[in-house]
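Residue numbers (our numbering), protein chains in the order written: chain R, 3 to 116; chain E, 3 to 116; chain U, 3 to 116.
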Amino acid sequence: MPYMNVKTTAAIDAGKRETIKSELGKAIELIPGKSENWLMVSFEDNSIMYFKGSSERPLAYIEVKIFGKSSKDAYENLTKAITGIIHKELSIDPDCVYVIYEEISNWGWNGTNF
Amino acid sequence: MPYMNVKTTAAIDAGKRETIKSELGKAIELIPGKSENWLMVSFEDNSIMYFKGSSERPLAYIEVKIFGKSSKDAYENLTKAITGIIHKELSIDPDCVYVIYEEISNWGWNGTNF
Amino acid sequence: MPYMNVKTTAAIDAGKRETIKSELGKAIELIPGKSENWLMVSFEDNSIMYFKGSSERPLAYIEVKIFGKSSKDAYENLTKAITGIIHKELSIDPDCVYVIYEEISNWGWNGTNF
Numbered sequence: 003m004p005y006m007n008v009k010t011t012a013a014i015d016a017g018k019r020e021t022i023k024s025e026l027g028k029a030i031e032l033i034p035g036k037s038e039n040w041l042m043v044s045f046e047d048n049s050i051m052y053f054k055g056s057s058e059r060p061l062a063y064i065e066v067k068i069f070g071k072s073s074k075d076a077y078e079n080l081t082k083a084i085t086g087i088i089h090k091e092l093s094i095d096p097d098c099v100y101v102i103y104e105e106i107s108n109w110g111w112n113g114t115n116f
Numbered sequence: 003m004p005y006m007n008v009k010t011t012a013a014i015d016a017g018k019r020e021t022i023k024s025e026l027g028k029a030i031e032l033i034p035g036k037s038e039n040w041l042m043v044s045f046e047d048n049s050i051m052y053f054k055g056s057s058e059r060p061l062a063y064i065e066v067k068i069f070g071k072s073s074k075d076a077y078e079n080l081t082k083a084i085t086g087i088i089h090k091e092l093s094i095d096p097d098c099v100y101v102i103y104e105e106i107s108n109w110g111w112n113g114t115n116f
Numbered sequence: 003m004p005y006m007n008v009k010t011t012a013a014i015d016a017g018k019r020e021t022i023k024s025e026l027g028k029a030i031e032l033i034p035g036k037s038e039n040w041l042m043v044s045f046e047d048n049s050i051m052y053f054k055g056s057s058e059r060p061l062a063y064i065e066v067k068i069f070g071k072s073s074k075d076a077y078e079n080l081t082k083a084i085t086g087i088i089h090k091e092l093s094i095d096p097d098c099v100y101v102i103y104e105e106i107s108n109w110g111w112n113g114t115n116f
């Protein structure tokens, strides 16, 4: 039950999107107990964003929500992986990427909560 | 002071949107103390989303934020109701719907916080 | 490490966006330790939104995420400032503006977590 939203100023074509989706699906395994089997990913490309008051450099903001809790180490590893994927596939510099984590206690799927 | 965002791969026309909005406005009453009187709803249709690595089936992700806290039972009931609405109105299978809850301690309206 | 998302039914042209971005960059200083130097801002204009069951009046929903924690007073001041900016620049009435705050414990930047 993880969810990731990739919000970026970059344009992402269909092929690139498939690649990033698959790489995120592998990366999520860095959180113990999580896998692509339960991962929902959404993309918001061509977004209007500013960082440090500027919109000159390409930017990305990735929100990761997981059901339950995990460890600082797991999040650290996932940040490294996600930032690497975004850098490799979208040519966005790591210092222009935020990754934030939210632990969700109440999460519904298939009409009921976990 | 609840807020719901409906993000989905489906297209939602204006009529359907009105229907869903009204049904969500009734469903929110499943959270004690909440009603459409304070509910803000937003729609992000035609979104780019994947679940379990695939984009073949229509998907929905509903984020519910409420001011303060509520009970597991209330969230359980709301998940059932929201998933039913999404299934009925958008023909999205319940096993393709995530509903997540966030309890917000600091919430502003009309220039001041509750 | 703050982030703000401005979601609104209003259209925001490029000039207005620059103005709002700069004003939000000043307003964030109301949270001790925060400044535009670390602020990421995103805009979602022309959004489809309802409040109290209606879409007749222009609406705005601002999500503020900060790394770590702050005080009730700081959030109160920021709500007042943000609502004022949205009112002045987009002519949205304060009673049509929600501002919500989320304190994030795990926040990545530049490939590592703070």
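Yeah, the Cβ is synthetic: ideal placement off N, Cα and C, and Gly gets one too. Being a predicted model, the structure only gives us computed values, none of them experimental.
#1: Apart from the five residues on each side of it in sequence, which residues of its chain come closer than 8 Å, Cβ to Cβ, to Leu-32(E)?
#2: Give me whichever residues DSSP pairs with Phe-116(U) in a beta bridge.
#3: For Asp-79(R), report the span of its alpha helix (DSSP H) as first-last.
#4: Among Phe-69(U), Gly-113(U), Ile-50(U) and Val-101(U), which has the Cα closest to the Cα of Leu-26(U)?
#5: Kindly indicate which residue of Lys-90(E), Lys-74(E) and Gly-70(E) has the alpha-carbon position closest to the one of Arg-19(E).
#6: Using the beta-carbon count (16 or more within 10 Å), is Glu-58(R) buried or exposed?
#7: With a threshold of 8 Å on Cβ separation, who are the neighbours of Ile-87(E) within its own chain once the five nearest residues in sequence on each side are excluded?
#8: Suppose only complete runs of 3+ residues qualify. What are the beta strand (DSSP E) ranges in the stretch 3–30 of chain U, listed by chain order?
#9: Reducing DSSP to helix, strand and coil, say where Glu-38(R) ends up.
#10: Pop quiz: Met-3(R) and Trp-111(R) are said to be a contact at Cβ under 8 Å. What is the actual Cβ separation, rounded to whole angstroms?
#11: The beta strand (DSSP E) with Glu-105(U) in it runs from where to where?
#12: Give me the chain E residues within the contact set of Gly-86(U), using Cβ-Cβ distance strictly less than 8 Å, ordered along the chain.
#13: Between Lys-9(E), Gly-35(E), Phe-69(E) and Gly-55(E), which lies nearest to Asn-139(E) when the distance is taken from Cα to Cα?
#14: Distance cutoff 8 Å, beta carbons only. Does Phe-45(R) sit that close to anything in chain E?
#15: Going along the chain, which residues of the stretch 31–58 of chain R sit with their C-beta nearer than 7 Å to a C-beta in chain U?
#16: List the residues that DSSP assigns as beta-bridge partners of Ser-44(R).
#17: Can you say whether Ser-39(U) is buried or exposed, counting buried as having 16 or more other CB atoms within 10 angstroms of its CB?
#18: Below 9 Å between beta carbons is the criterion; list the residues of the stretch 99–113 of chain U that meet it against any residue of chain E, in chain order.
#19: Between which two residues does the beta strand (DSSP E) harbouring Ile-64(E) extend?
#20: Output yes if chain R places a C-beta closer than 8 Å to the C-beta of Lys-23(U); else output no.
#21: Cβ of Lys-82(E) less than 8 Å from any chain U Cβ?
#22: Please decide whether Leu-26(E) counts as near chain R, where near means a Cβ-Cβ distance under 8 Å.
#23: Give every residue of the same chain whose Cβ lies closer than 8 Å to the Cβ of Cys-98(U), excluding the five residues on either side of it in the sequence, and list them in chain order.
#24: Can you grab the Cα-Cα spacing for the pair Ile-94(E) / Ser-44(U), in whole Å?
#25: Let me make sure I understand the geometry here. Which of Thr-85(R), Lys-67(R), Gly-113(R) and Leu-92(R) has the alpha-carbon closest to that of Glu-104(R)?
#26: Going by DSSP, name the residue or residues bridged to Ser-56(R).
In this structure, then:
#1: For the purposes of this step, residue 32(E) is taken as the residue at position 30 of the second sequence. Annotation for Leu-32(E): Ala-76, Asn-79, Leu-80 and Ala-83 place their beta carbon closer than 8 Å to its own, counting only its chain and skipping 5 residues before and after.
#2: Position 114 of the third sequence holds residue 116(U). Its beta-bridge partners do not exist; DSSP assigns none.
#3: One-based indexing of the first sequence puts residue 79(R) at position 77. The sequence shown places Asn at residue 79(R), not Asp. Segment 74–92, the alpha helix (DSSP H) holding Asn-79(R).
#4: As a working mapping, residue 26(U) is identified with position 24 in the third sequence. The option with the nearest alpha carbon to Leu-26(U) is Val-101(U).
#5: Taking the first residue of the second sequence as position 1, residue 19(E) is located at position 17. In this structure, Lys-90(E) is the residue among Lys-90(E), Lys-74(E) and Gly-70(E) with its C-alpha nearest to the C-alpha of Arg-19(E).
#6: Indexing the first sequence from 1 puts residue 58(R) at position 56. Answer is exposed; the Cβ neighbour count stays below 16.
#7: Position 85 of the second sequence, counted from the start, is the residue given in the question as residue 87(E). Taken in chain order, the residues that qualify are Ile-22, Glu-25, Leu-26 and Ala-29.
#8: 4–10
#9: In the first sequence, residue 38(R) corresponds to position 36, counting from 1. It is helical.
#10: Translated into the one-based positions of the first sequence, residue 3(R) becomes position 1. Translated into the one-based positions of the first sequence, residue 111(R) becomes position 109. Indeed, because the Cβ distance is near 7 Å, the residues count as touching under 8 Å.
#11: Here residue 105(U) refers to the residue found at position 103 when the third sequence is read from its first residue. Counting along the chain, the beta strand (DSSP E) containing Glu-105(U) begins and ends at 99–106.
#12: Numbered from 1 along the third sequence, position 84 holds the residue referred to as residue 86(U). In chain order: Gly-113.
#13: Residue 139(E) cannot be examined here, being either before or after the span of chain E that is shown, 3 to 116.
#14: As a first step, residue 45(R) is located in the first sequence; it is residue number 43 there, counting from the start. True, the Cβ-Cβ gap to chain E drops below 8 Å.
#15: Ser-49, Ile-50, Met-51, Tyr-52, Phe-53, Lys-54 and Gly-55
#16: Counted from its first residue, the first sequence places residue 44(R) at position 42. According to DSSP, Ser-44(R) bridges with Asn-7(R) and Met-51(E).
#17: Indexing the third sequence from 1 puts residue 39(U) at position 37. In the sequence under discussion, the amino acid at residue 39(U) is Asn, which differs from the Ser named in the question. Exposed, by the Cβ-count rule.
#18: Val-99, Tyr-100, Val-101, Ile-102, Tyr-103, Glu-104 and Glu-105
#19: Position 62 of the second sequence, counted from the start, is the residue given in the question as residue 64(E). It spans 62–69 - the beta strand (DSSP E) in which Ile-64(E) sits, taken as one unbroken run.
#20: The count along the third sequence starts at 1 and reaches residue 23(U) at position 21. Closer than 8 Å: yes.
#21: Mapped onto the second sequence, residue 82(E) falls at position 80. Residue-level contact check: Lys-82(E) does not touch chain U, since none of the beta carbons of chain U fall below 8 Å from its beta carbon.
#22: The count along the second sequence starts at 1 and reaches residue 26(E) at position 24. Closer than 8 Å: no.
#23: Stepping through the third sequence from its first residue, residue 98(U) is reached at position 96. Cβ neighbours of Cys-98(U) beyond the five flanking positions: Phe-53, Arg-59, Pro-60, Leu-61 and Ala-62.
#24: Residue numbering aside, residue 94(E) sits at position 92 when the second sequence is read from its first letter. Residue numbering aside, residue 44(U) sits at position 42 when the third sequence is read from its first letter. When rounded, the distance between both Cα atoms is 29 Å.
#25: Along the first sequence, one-based indexing puts residue 104(R) at 102. Of Thr-85(R), Lys-67(R), Gly-113(R) and Leu-92(R), the residue nearest in Cα terms is Lys-67(R).
#26: Numbered from 1 along the first sequence, position 54 holds the residue referred to as residue 56(R). Phe-53(R).
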